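In UniProt numbering, the protein residues as written are 1 to 312. C-beta: ideal position from N, C-alpha, C; glycine also. Computed from a prediction, not measured in an experiment: that's the story for all the values here. Before any comments, here is the structure.
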């Protein structure tokens with residue numbers, strides 16, 4: 001049996017990065033973590049990194065701008081998984097240049113883990129999303145550099161979008177509504193959900209799978225496709241309550257997109273793509289891969305199971 005690839009995770013102390021780092025160690029990959037020096041100022045991140053080190057991870061401290069040190073670190077690993085936050089996406093250009101110079105990386109995963117940026121940016125009906133524009137540009141830079149890669153689209157992460165019902169009243173709020181709910185458009189577009197743990201499991205399974213090289217991977221669990229109406233009905237059944245419902249028109253969402261601060265505008269843009277444009281309602285291309293079909297042995301978490309602790 002071939003030894004498992006040595007993985008370097010960039011952004012391991014972030015929301016999704018924590019799950020990826022934990023899954024990497026648990027799956028038996030020699031795991032390294034790259035952090036910036038200022039991580040020492042955050043007690044929660046320090047404690048998490050201490051736990052990773054105890055579990056066997058190697059911790060490197062380096063700025064992505066420090067090309068020489070970064071190349072030296074990259075030459076000790078095989079695969080790079082980037083999980084930087086949306087406000088740090090452009091730092092990946094430094095990483096791409098260093099990966100190209102190192103010359104030994106077998107696969108690079110850019111910071112994606114959401115919807116398909118290429119598809120989103122083709123929609124000219126609303127103002128352009130800087131975040132998705134950056135993701136598209138980073139994809140093209142990876143391809144232009146000839147770097148082996150995998151683009152991993154997880155669609156909607158349960159902790160961020162299922163549990164919150166994407167309610168903007170009091171945003172950010174990551175618990176389900178108890179008395180009233182805002183339903184976007186008619187509530188009939190399907191949304192694909194995945195738990196954080198399952199995202200990391202599928203991602204790690206793809207690392208050494210040659211079928212995923214230079215491919216776009218989509219997480220679309222058949223049992224986890226819910227419309228907003230179905231999600232609300234499920235929650236009402238689980239809690240034995242009836243929510244007061246309000247429907248938000250497309251015009252109202254567009255007003256928010258055009259009038260909010262940068263961060264809120266990005267959130268409203270995502271809401272528009274998911275619930276008004278049906279961004280997940282499309283057929284995959286022949287070269288695209290759906291990971292739950294690729295790894296049918298994985299029992300993914302259902303919306304019912306994920307929401308159960310919130311219903312208590």
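- In the DSSP annotation of this structure, residue 184 is not part of any alpha helix (DSSP H); the continuous beta strand (DSSP E) holding it starts and ends at 180–184.
- Boundaries for residue 48: no beta strand (DSSP E) harbours it, while the alpha helix (DSSP H) harbouring it runs 43–54, taken from the DSSP string.
- The stretch 9–16 and the stretch 82–93 touch, with no fewer than 3 CB-CB distances between them shorter than 8 Å.
- With the rule of 3 Cβ pairs closer than 8 Å, the stretch 287–304 counts as touching the stretch 218–226.
- Taken through DSSP and simplified to helix, strand or coil, residue 217 comes out as strand.
- Residue range 262–271 is occupied by the alpha helix (DSSP H) that includes residue 269.
- Between residue 5 and the set 63, 72, 104, 51, the nearest pair of CA atoms involves 104.
- Residue pairing by DSSP places residue 58 opposite 32 in a beta bridge.
- Burial state of residue 144 is exposed, judged by a 10 Å Cβ sphere holding fewer than 16 other Cβ atoms.
- Within the same chain, 114, 115, 191, 192, 193, 194, 218, 219, 220, 280 come within 8 Å of residue 155 by CB-CB distance, once the 5 residues on both sides are set aside.
- A distance below 7 Å separates the beta carbons of residue 52 and residue 21.
- In this structure, DSSP gives residue 173 a state outside helix and strand, which the three-state scheme calls coil.
- With fewer than 16 other Cβ atoms inside 10 Å of its own Cβ, residue 26 counts as exposed.
- Residues of the same chain with a CB within less than 7 Å of the CB of residue 201, apart from the 5 flanking positions on each side, are 23, 298 in chain order.
- Residue environment for residue 1: exposed (fewer than 16 other C-beta atoms within 10 angstroms of its C-beta).
- Annotation: residue 64 to residue 135 spans about 18 Å, alpha carbon to alpha carbon.
- Only residues of its own chain outside the window of five on either side were considered, and among them 92, 110 have a CB closer than 6 Å to the CB of residue 138, listed in chain order.
- CA-CA distance, residue 61 to residue 36, rounds to 5 Å.
- Going by beta carbons, residue 166 and residue 245 fall outside the 7 Å limit.
- The alpha-carbon separation between residue 177 and residue 238 amounts to approximately 12 Å.
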